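Protein chains in written order, with our numbering: chain G, 6 to 281; chain L, 501 to 689; chain Y, 61 to 316.
Report on the structure given below.
In structure tokens:
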């Protein structure tokens with residue numbers, strides 16, 4: 006097959022010897038630094054890992070001695086335990102179910118959390134703070150993440166430690182075996198409240214609730230755009246809107262919780278297809 | 501073909517040739533098409549596979565005895581076995597499905613409060629199934645009931661359920677009682 | 061005596077069998093320390109040399125490694141549990157009782173499985189928090205963060221499917237509520253928005269597919285068992301392989 010008449014691509018110098026070198030695109034992470042800055046994985050890294058595993062194993066043998074895995078009565082479809090609690094890591098979502106309809110609390114919000122987490126590296130374009138605990142140069146990112154994390158953990162703690170019979174609020178010093186009287190205040194939709202307070206037709210009030218929900222997002226989207234122009238310009242149109250959508254949806258959760266707790270509002274927006 | 505083509509005939513042939521698919525492209529299309537079709541078929545097959553055709557679940561139509569067995573108010577005894585409450589008012593009988601409309605837990609009946617309360621997320625219903633509190637988005641289902649013409653027993657169809665759109669009021673989500681007390685969801689006795 | 065032992069050791073080490081398994085001496089020279097990473101498939105997860113910063117406990121807190129270790133513990137204890145467990149609604153609960161009260165060390169295996177599962181979920185969260193706070197998801201490691209999120213989801217689903225298997229009240233109702241949420245999925249769930257308009261019924265929607273029935277019953281138990289013991293661990297294994305591979309390719313993020 007080889008065409009002997011071709012001149013060699015790189016002519017060989019008969020006085021030299023040649024070896025085969027491999028070329029790799031990109032920069033090798035450890036080649037940027039002198040080898041003195043690195044150590045052999047064996048023994049330094051392997052020993053640390055070994056100790057960590059040993060420690061974890063000891064903990065995993067001690068913990069069952071302190072508290073075993075629970076086993077309740079055999080499953081029966083006709084008696085629901087009271088209160089019925091999901092595994093602790095889902096109790097945050099179960100707590101959300103008090104404030105939102107199942108499709109939102111159980112499907113859409115968890116889905117948005119997952120997708121939101123996935124897009125984090127693509128909307129956080131701040132090149133600072135790689136490989137170090139750095140707060141001062143990425144305040145917004147750290148605050149936003151910690152806020153979401155705090156929400157998640159607070160809902161879990163409430164679900165695990167403060168919800169008792171009938172999913173009512175029980176303080177640790179309350180009697181947890183006594184049913185609490187159902188609260189006399191009943192929950193009302195925002196549009197019903199508006200219709201009663203301002204004497205407008207229910208349909209007008211309904212339209213206004215659309216406006217309020219829209220305004221919640223609109224104001225959130227506009228404030229950084231107007232007052233932190235640099236922030237907007239650094240992100241660009243697509244990234245900015247993506248980021249703000251997830252940010253405002255995250256803010257919608259405590260917002261809804263707040264208006265529920267303060268004004269006893271059941272739904273803030275009622276459409277023919279779904280309710281928020 | 502062997503003669504040198506000239507004239508409009510030649511142009512037409514050239515044009516045809518340009519539209520013609522090359523052998524390589526044809527096989528690429530067939531190959532990719534076949535590959536994608538078989539992947540799609542496999543995906544659909546595995547998807548369909550997960551939907552069982554036969555269910556081994558309890559019967560959905562069952563008899564619960566004579567109407568006279570049930571006194572005024574809520575009868576709580578069938579909840580364990582059949583997941584229903586039988587309710588009698590001045591006009592007759594209806595059957596509430598003991599499944600919370602929020603997330604499917606089994607609520608409990610509190611005679612003193614005259615309320616059904618769900619242990620999962622605290623939904624509260626009144627004796628008619630209207631929502632009086634908690635996160636439930638709709639009123640309790642009522643199952644279809646009829647009288648067996650032969651032995652006069654009440655026949656419950658657990659699957660056929662009444663589920664009218666509730667109205668949001670200051671008391672909670674309610675449905676007008678007149679519209680609900682109709683056949684086949686109500687037995688006049 | 062020591063001379064004899066040393067001679068015996070030399071004899072064993074120089075046999076063809078030994079040398080076919082271990083290709084180099086004890087890793088106490090630079091060459092052997094490199095060779096041990098090349099020739100051992102498990103150690104090959106590591107590079108030959110790491111940055112000094114990678115050893116700083118107060119940077120990584122060993123969280124990712126410990127999460128993987130929990131997965132290994134769960135696999136081992138899980139396999140032991142499978143020897144005595146039958147995913148049958150009439151038997152499952154009693155099998156767990158047997159494991160707890162009859163089988164030697166059955167209790168320990170079950171408790172360790174449970175604790176390791178809790179620990180794994182929590183460690184994944186902590187690991188994710190650490191990675192965020194150290195900016196370790198930034199270029200060129202964006203894709204590995206996505207793989208990590210997938211692993212988080214898989215961990216939660218793994219834990220959740222395992223929750224049903226004891227077939228006690230806790231199990232049944234946690235899954236009932238969880239699967240009702242699936243029913244509320246928009247468009248493909250019967251009680252979700254647009255579900256009825258799309259022709260969804262309790263016996264053809266997404267929850268039905270998940271449970272293999274309209275109630276949490278035998279087919280749901282079997283499905284969760286298969287997913288918990290085979291399907292999801294395999295999937296998680298694939299994602300973990302990619303996760304570790306990307307760490308090796310992109311390098312360790314930490315300080316020097």
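Note that the Cβ used here is the ideal one computed from N, Cα and C, for glycine as well.
Being a predicted model, the structure only gives us computed values, none of them experimental.
Considering only C-alpha positions, which residue in the set G:78, G:97, G:266 and G:120 is nearest to residue 163 (chain G)? G:97
Tell me where the beta strand (DSSP E) around residue 130 (chain G) begins and ends. Segment: none, residue 130 (chain G) is in no beta strand (DSSP E) and carries neither H nor E.
Within a Cβ cutoff of 6 Å, which residues of the same chain sit near residue 230 (chain G), ignoring the five residues on either side of it in sequence? 237
Anyone know if the C-beta pair for residue 104 (chain Y) and residue 98 (chain Y) falls short of 8 Å? yes
Beta-carbon proximity check, residue 187 (chain Y) vs residue 124 (chain Y), cutoff 8 Å: yes
Shorter than 8 Å from the beta carbon of residue 139 (chain G) to some beta carbon of chain Y? yes
DSSP state of residue 534 (chain L) mapped onto helix, strand, coil: helix
At a CB distance below 9 Å, what residues from the segment 566-585 of chain L approach chain G? Give them in sequence order. 579, 580, 581, 582 and 583
Within 10 Å of its beta-carbon, does residue 87 (chain Y) have 16 or more other beta-carbons around it, so buried, or fewer, so exposed? buried
Alpha carbon to alpha carbon, how far is residue 33 (chain G) from residue 308 (chain Y)? The predicted position of residue 33 (chain G) is uncertain, since its pLDDT is 49 and thus under 50; no value can be drawn from it.
If we call anything under 8 Å between Cβ atoms a contact, is residue 626 (chain L) one with residue 641 (chain L)? no
When the Cα atoms are used, what is the spatial distance from residue 259 (chain Y) to residue 247 (chain Y)? 9 Å
Comparing alpha-carbon positions, which option in Y:68, Y:298, Y:224 and Y:303 lies nearest residue 148 (chain Y)? Y:224
How long is the line joining the alpha carbons of residue 531 (chain L) and residue 265 (chain G), rounded to whole angstroms? 59 Å
If you check the beta carbons only, do residue 238 (chain Y) and residue 91 (chain G) fall under 8 Å apart? yes
Under 9 Å from the C-beta of residue 556 (chain L): neighbouring residues of chain Y: 273, 277, 278 and 279
Would you mind working out which of L:594, L:529 and L:614 sits nearest residue 678 (chain L), comparing C-alpha positions? L:594
Using the Cβ count rule (16 or more neighbours within 10 Å means buried), how would you classify residue 683 (chain L)? exposed
If you compare alpha carbons, which of G:113, G:114 and G:99 is closest to residue 459 (chain L)? With chain L running from 501 to 689 in the structure shown, residue 459 (chain L) is simply not present.
Are the segment 189-200 of chain Y and the segment 280-300 of chain Y touching by the rule of at least three beta carbon pairs closer than 8 Å? no
For residue 148 (chain Y), which residues in chain G fall below 9 Å Cβ to Cβ? By Cβ distance, chain G contributes nothing, its closest Cβ being about 12 Å from residue 148 (chain Y), past 9 Å.
With burial defined as no fewer than 16 other Cβ atoms inside 10 Å of the residue's Cβ, what is the status of residue 180 (chain G): buried or exposed? exposed
Residue 111 (chain Y) (DSSP reduced to helix, strand or coil): strand
For a contact meaning CB atoms closer than 8 Å, what does residue 128 (chain G) contact in chain Y? Ordered by position in chain Y, no residue passes the 8 Å Cβ test against residue 128 (chain G), which lies about 11 Å from the chain.
Members of the segment 622-640 of chain L near chain Y, C-beta cut-off 8 Å: none
Using alpha carbons as the reference points, say which of G:255, G:273, G:270 and G:259 lies closest to residue 119 (chain G). G:255
Residues of chain L with a CB under 8 Å from the CB of residue 236 (chain Y): which are they? 603, 604 and 605
List the DSSP bridge partners of residue 574 (chain L). L:587
Chain Y contact for residue 34 (chain G) (CB, 8 Å cutoff): Its pLDDT being 49, under 50, residue 34 (chain G) is placed unreliably by the model, and the measurement read from it follows with that caveat. By this cut-off, residue 34 (chain G) is an interface position.
Using 10 angstroms around the beta-carbon of residue 94 (chain G), count the other beta-carbons present and answer buried if the total reaches 16, otherwise exposed. buried
Figure out for me which residue from G:142, G:278, G:79 and G:269 has the closest Cα to the Cα of residue 104 (chain G). G:269
Expected contact under 8 Å - CB spacing of residue 621 (chain L) and residue 172 (chain G) to nearest Å: 5 Å
What did DSSP end up calling residue 277 (chain Y) once you bin it into helix, strand or coil? coil
Using a Cβ-Cβ cut-off of 8 Å, state whether residue 6 (chain G) counts as contacting chain L. No answer about residue 6 (chain G) holds up, because its pLDDT of 42 lies below 50 and its placement is not dependable.
Determine the chain G residues that contact residue 231 (chain Y) at a beta-carbon separation under 7 Å, and present them in chain order. 80
Tell me which residues share the same chain as residue 717 (chain L) and place their Cβ nearer than 7 Å to its Cβ, disregarding the 5 neighbours each side in the sequence. Look at the range of chain L in this structure, 501 to 689, and you will see that residue 717 (chain L) is not part of it.
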